[in-house]
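Peer 1: Just passing along the structure, written as structure tokens.
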Amino acid sequence: MKKVGNHTSFSRILFLCLTFVLTFSTGSFAQDVAKGKELFNANCAACHKLDANSTGPALRGMIDRHPTDWLHKWIKDSSGLIKSGDAAAVKLFNEWNKVPMNSFPNLSDEDIDNIIAYTSEPKPEPTKAVGAAGEAGQGSGGVSEMLVLGGLVLVLAMLVIMLVLVRRVLNKVANQNNLTVQETKSIPVWRAFVKNQFLVLTSVILLMLTGAYFAFGYMMQVGVDQNYEPIQPIHFSHKIHAGENGIDCKYCHSSARTSKTSGIPSMNVCMNCHKNITEFTGSADSTYVDYSKEFYTAEIQKIYDAVGWDPAKQAYTGVEKPVKWVRIHNLPDFVYFNHSQHVSVAGLECQTCHGPVESMEIMRQHSPLTMGWCIECHRETEVNVKDNEYYAKIHEELSKKYGVEKLTAAQLGGLECGKCHY
Amino acid sequence: MKSLYKIVALAAVSTLATSCFNKEKPNYQLFPNMYESVAYETYSESSAFKNGKEGQVPAQGSIPRGFKPEEYANTPEGLALAKANLRSPLDSITEGDMAKAKQLYTIYCAVCHGDAGDGKGNLVKREKFLGVPSYAERELTEGGIYHVVTHGLNAMGSHKNQLTQTERWMVTAYVLKLKSEL
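As they're listed, the protein sequences go chains L and V. Letter by letter, the first sequence follows residues 0 to 421 in numbering that gives the first Met the number 0. Letter by letter, the second sequence follows residues 0 to 181 in numbering that gives the first Met the number 0.
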């Protein structure tokens, strides 16, 4: 089933030969490339990528565009070169919106040669095996589950057919032997049941009780959106961002610190990182590849479409298409809830109410958000009153009144109706 | 045969009853007019404005109360000027402020710049962002740090809508503290 890359493909052999020849023909060359990569990542990668324009131009094959000694001069002191009126330097400066490049006088000639060697490496062929593995991983759990279920249904169907066949054969045998299946004349079960009044009474009571139980359960879940998991216009994976990459919730939901709503991050927050991260690469230790790399990269492209960003020109086009996110957590209008009170004042973790968001590929409502659920937490949560001089006296009096060491949110008035309903 | 029909009917009814639950749709509400706000809610749609959104950009040229417009423009020249001339308005940073600044730094900066400011945050370790310098390697002034946090620089984006001006100055102080410890 799994597609495996063609290991004996001609281009790969050619590539291997090339690396082999290069490694041995130029002695220290391979070493240079490794060193060059290190230097490139440390010094250049903030503004340059190998194959795509970033703050500065793509650097792969820069040796074909400029002579070596010019590159040396440029990297060591670019603004000096521009001031000296070098035509190529001035042209480059103007082409890139007159953003000056940092000068690197600390890089030796050898360092720069290493970097040039690294940028002169041919672009590696995309390995097909990795992509195929990603596709195979997609939805594999669902498929196997369906297979098991299908198998069970098949077995059941065969059992039923076999029973019918056996019955038919037995009837035939009975007919041939002139046997009649004895049918004792007895009163039907339902008539016997109706006659027994005690049984009728108890079963009616039992039926009413179970009916009430299910009716109550059904009515209690009206208006409760637990496990609501809508499809969003852009597939944003909290698992990748908050889980694997470990970005703090409040990086994007920054207004949770200071305002009533936690805030749907505006697209410029996405662009803080995705201006630089243009494609999904995953990583060796990834456990989150539920979809293919191409799928994720296409979702990043949706951000660019929404904010009107042209990655090739590294500029905004000005054509914006706002994203209509689907709201998941939504309290009724008659309840007041404030995020900053819980996040900044109480210092609660987001996960207390929103659940293990860092493991959710698709965001869903973890908690029921019912009043009983709020009250339960207010009753149990002990308030941190330390270092709160302003309220020290009132906290002390409340402690005395309730005769407790530690006050809960409920004892501070967290159960009063008017705190949330007004 | 009769019992078979009954079994099929029972299966059909139970699938009908359970298949109504759709996790992609919100549940229905008992009294929707008690649930849904008459007034506009945050991020709600509105036909009152041309772009159909409740959230509007402040009128051009208006300045929020307590807000000071940035003195230095978002240009390389602005950065050079800010580096040389801009000074923090915070007279002294108390220990409590420093603790808060550390929290803010951990939320907004550490994921790339690292908890110690050595340029080895989680995103750098995972090679999502490259070339994040250590604070030790750079000449930093408070004006320069503030300007970069506000407007961004190169691959780094602007953080002025996530942090208020005061918070940005607090983070600036914390970055200088980290640099002195590196």
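Don't be surprised by glycine CBs; every beta carbon is placed ideally from N, CA and C.
In or out: E395 of chain L buried (at least 16 other Cβ within 10 Å) or exposed?
Peer 2: Here residue 395 of chain L refers to the residue found at position 396 when the first sequence is read from its first residue. Per the 10 Å Cβ criterion, exposed.
Peer 1: Quick one: any contact between the region 359 to 379 of chain L and the region 260 to 276 of chain L, if contact means 3 or more CB pairs under 8 Å?
Peer 2: In short, these stretches do not touch, since the Cβ pair count stays below three.
Peer 1: Since K52 of chain V sits in a beta bridge, which residues does DSSP pair it with?
Peer 2: Mapped onto the second sequence, residue 52 of chain V falls at position 53. DSSP, once it has assigned bridges, lists V:E44 as partnering K52 of chain V.
Peer 1: Indicate the three-state DSSP secondary structure (helix, strand or coil) for D112 of chain L in the structure shown.
Peer 2: Counted from its first residue, the first sequence places residue 112 of chain L at position 113. Three-state result, D112 of chain L: helix.
Peer 1: Is the separation between the beta-carbon of D31 of chain L and that of A116 of chain L shorter than 8 Å?
Peer 2: Along the first sequence, one-based indexing puts residue 31 of chain L at 32. Along the first sequence, one-based indexing puts residue 116 of chain L at 117. In this structure, A116 of chain L lies closer than 8 Å to D31 of chain L by Cβ.
Peer 1: Taking the alpha-carbon of S157 of chain V as reference, which of L:G346, L:N177, L:I393, L:N271 has the nearest alpha-carbon?
Peer 2: The residue labelled residue 157 of chain V in the question sits at position 158 within the second sequence. When only C-alpha atoms are compared, the closest one is L:N271.
Peer 1: Starting from R86 of chain V, follow the alpha helix (DSSP H) in both directions and report where the run begins and ends.
Peer 2: Mapped onto the second sequence, residue 86 of chain V falls at position 87. Neither: R86 of chain V is in no alpha helix (DSSP H) and is coded neither H nor E.
Peer 1: Does the separation of the CB atoms of A154 of chain V and C46 of chain L fall below 8 Å?
Peer 2: Position 155 of the second sequence, counting from 1, holds the residue named residue 154 of chain V. Position 47 of the first sequence, counting from 1, holds the residue named residue 46 of chain L. Against a cut-off of 8 Å, the Cβ pair of C46 of chain L and A154 of chain V comes out as a contact.
Peer 1: Is the Cβ of S36 of chain V closer than 8 Å to any Cβ of chain L?
Peer 2: Residue 36 of chain V sits at position 37 when you count from the first residue of the second sequence. Yes, S36 of chain V lies at the interface with chain L (some Cβ there is under 8 Å from its Cβ).
Peer 1: For a quick check, are the C-beta atoms of G143 of chain V and V131 of chain V less than 8 Å apart?
Peer 2: Numbered from 1 along the second sequence, position 144 holds the residue referred to as residue 143 of chain V. Numbered from 1 along the second sequence, position 132 holds the residue referred to as residue 131 of chain V. Taking 8 Å as the Cβ cut-off, G143 of chain V and V131 of chain V do not qualify as a contacting pair.
Peer 1: Below 8 Å, can you find three or more Cβ-Cβ pairs linking the region 101 to 108 of chain V to the region 238 to 245 of chain L?
Peer 2: These segments do not touch.
Peer 1: Please go through the same chain and pick out, in chain order, the residues whose beta-carbon is closer than 8 Å to the beta-carbon of F48 of chain V, but skip the five residues on each side of it.
Peer 2: The residue labelled residue 48 of chain V in the question sits at position 49 within the second sequence. So the list reads Q55, once near-sequence residues are dropped.
Peer 1: Where K24 of chain V and K323 of chain L are concerned, what is the direct C-alpha to C-alpha distance, given to the nearest angstrom?
Peer 2: Counting from one through the second sequence, the residue named residue 24 of chain V turns up at place 25. Counting from one through the first sequence, the residue named residue 323 of chain L turns up at place 324. Rounded to whole angstroms, K24 of chain V to K323 of chain L spans 16 Å at the Cα level.
Peer 1: Grab the span of the alpha helix (DSSP H) containing Q102 of chain V for me, first residue to last.
Peer 2: The sequence position of residue 102 of chain V within the second sequence is 103, counting from 1. First-last of the alpha helix (DSSP H) with Q102 of chain V: 94 to 107.
Peer 1: In angstroms with no decimal places, state the Cα-to-Cα distance between Y173 of chain V and K238 of chain L.
Peer 2: The sequence position of residue 173 of chain V within the second sequence is 174, counting from 1. The sequence position of residue 238 of chain L within the first sequence is 239, counting from 1. Using only the alpha carbons, I get a separation of about 30 Å.
Peer 1: So what does DSSP say about G130 of chain L, is it helix, strand or coil?
Peer 2: Taking the first residue of the first sequence as 1, we reach residue 130 of chain L at position 131. With a pLDDT of only 40 at G130 of chain L, under the threshold of 50, the placement of this residue in the model should not be trusted, and no figure is reported.
Peer 1: Do we get a CB-CB distance below 8 Å when we pair R125 of chain V with the residues of chain L?
Peer 2: If you number the second sequence from 1, residue 125 of chain V lands on position 126. Yes, its Cβ sits closer than 8 Å to a Cβ of chain L.
Peer 1: Who are the near neighbours of S24 of chain L in its chain, counting only those whose CB is closer than 7 Å to its CB and skipping five residues on each side?
Peer 2: By 1-based counting over the first sequence, the position of residue 24 of chain L is 25. Caution applies to S24 of chain L, whose pLDDT of 44 falls short of 50 and renders its modelled position unreliable; the model cannot decide the point.
Peer 1: Could you round the C-beta distance between K90 of chain L and L80 of chain L to whole angstroms and report it? I think they count as a contact, below 8 Å.
Peer 2: Working through the first sequence from its first residue, we reach residue 90 of chain L at position 91. Working through the first sequence from its first residue, we reach residue 80 of chain L at position 81. About 12 Å separates the two Cβ atoms, so there is no contact after all.
Peer 1: In whole angstroms, what is the alpha-carbon distance linking S91 of chain V and Q164 of chain V?
Peer 2: Position 92 of the second sequence, counted from the first residue, corresponds to residue 91 of chain V. Position 165 of the second sequence, counted from the first residue, corresponds to residue 164 of chain V. Cα to Cα, S91 of chain V sits roughly 16 Å from Q164 of chain V.
Peer 1: Can you name the residues of chain L whose CB is closer than 9 Å to the CB of G130 of chain V?
Peer 2: Position 131 of the second sequence, counted from the start, is the residue given in the question as residue 130 of chain V. Within chain L, the residues near G130 of chain V are F39, N40, A41, N42, C43, A44, A45, C46, H47.
Peer 1: For A11 of chain V, count neighbouring Cβ atoms within 10 angstroms of its own Cβ and tell me buried if that reaches 16, exposed if not.
Peer 2: Here residue 11 of chain V is taken as the residue at index 12 of the second sequence, counted from 1. Classification for A11 of chain V: exposed.
Peer 1: Name the chain L residues whose beta carbon is nearer than 7 Å to that of E23 of chain V?
Peer 2: Here residue 23 of chain V is taken as the residue at index 24 of the second sequence, counted from 1. Result: E228, P229, I230.
Peer 1: List, in chain order, every chain V residue whose beta-carbon is nearer than 8 Å to that of I263 of chain L.
Peer 2: Against the first sequence, residue 263 of chain L aligns to sequence position 264. Those are Y42, listed as they occur along chain V.
Peer 1: Measuring only the C-alpha atoms, how far is K171 of chain L from E228 of chain L?
Peer 2: Residue numbering aside, residue 171 of chain L sits at position 172 when the first sequence is read from its first letter. Residue numbering aside, residue 228 of chain L sits at position 229 when the first sequence is read from its first letter. Spanning the two alpha carbons is a distance of roughly 57 Å.
Peer 1: In chain V, which residues lie with their C-beta within 8 Å of the C-beta of Y250 of chain L?
Peer 2: Counted from its first residue, the first sequence places residue 250 of chain L at position 251. In chain order: I106, Y107, V110, Q161.
Peer 1: Does the distance from the CB of Y107 of chain V to the CB of Y250 of chain L come in under 8 Å?
Peer 2: The residue you call residue 107 of chain V lines up with position 108 of the second sequence. The residue you call residue 250 of chain L lines up with position 251 of the first sequence. In this structure, Y250 of chain L lies closer than 8 Å to Y107 of chain V by Cβ.
Peer 1: Does the region 409 to 416 of chain L come close enough to the region 195 to 206 of chain L to have 3 or more Cβ pairs within less than 8 Å?
Peer 2: No: fewer than three Cβ pairs fall under 8 Å.
Peer 1: Are there 16 or more other CB atoms within 10 angstroms of the CB of T54 of chain L, so buried, or fewer, so exposed?
Peer 2: Counting from 1 along the first sequence, the entry for residue 54 of chain L is found at position 55. Buried: at least 16 other Cβ atoms inside 10 Å.
Peer 1: Distance, Cα to Cα, G216 of chain L vs H112 of chain V?
Peer 2: On the first sequence, position 217 is the one that residue 216 of chain L refers to. On the second sequence, position 113 is the one that residue 112 of chain V refers to. Cα-Cα distance, rounded: 51 Å.
Peer 1: Label I74 of chain L either buried or exposed according to how many other C-beta atoms from any shown protein chain fall within 10 Å of its C-beta, with 16 as the threshold for buried.
Peer 2: Within the first sequence, the letter at position 75 stands for residue 74 of chain L. Result: buried.
Peer 1: Pull up the CB-CB distance for Y335 of chain L and Y401 of chain L, whole angstroms please, since I reckon it's below 8 Å.
Peer 2: Here residue 335 of chain L refers to the residue found at position 336 of the first sequence. Here residue 401 of chain L refers to the residue found at position 402 of the first sequence. The pair is not a contact, with the Cβ atoms about 25 Å apart (cut-off 8 Å).
Peer 1: Please state the DSSP three-state secondary structure of A8 of chain V.
Peer 2: Translated into positions along the second sequence, residue 8 of chain V becomes position 9. Correct three-state label for A8 of chain V: helix.
Peer 1: Counting only Cβ pairs nearer than 8 Å, list the residues of chain V close to Q220 of chain L.
Peer 2: Working through the first sequence from its first residue, we reach residue 220 of chain L at position 221. By Cβ distance, chain V contributes N26.
Peer 1: Between the beta-carbon of Q220 of chain L and the beta-carbon of N21 of chain V, is there less than 8 Å?
Peer 2: Indexing the first sequence from 1 puts residue 220 of chain L at position 221. Indexing the second sequence from 1 puts residue 21 of chain V at position 22. No.
Peer 1: Please state whether DSSP places A255 of chain L in a helix, a strand or coil.
Peer 2: Start at 1 with the first residue of the first sequence, and residue 255 of chain L comes out as number 256. DSSP places A255 of chain L in helix when its eight states are reduced to three.
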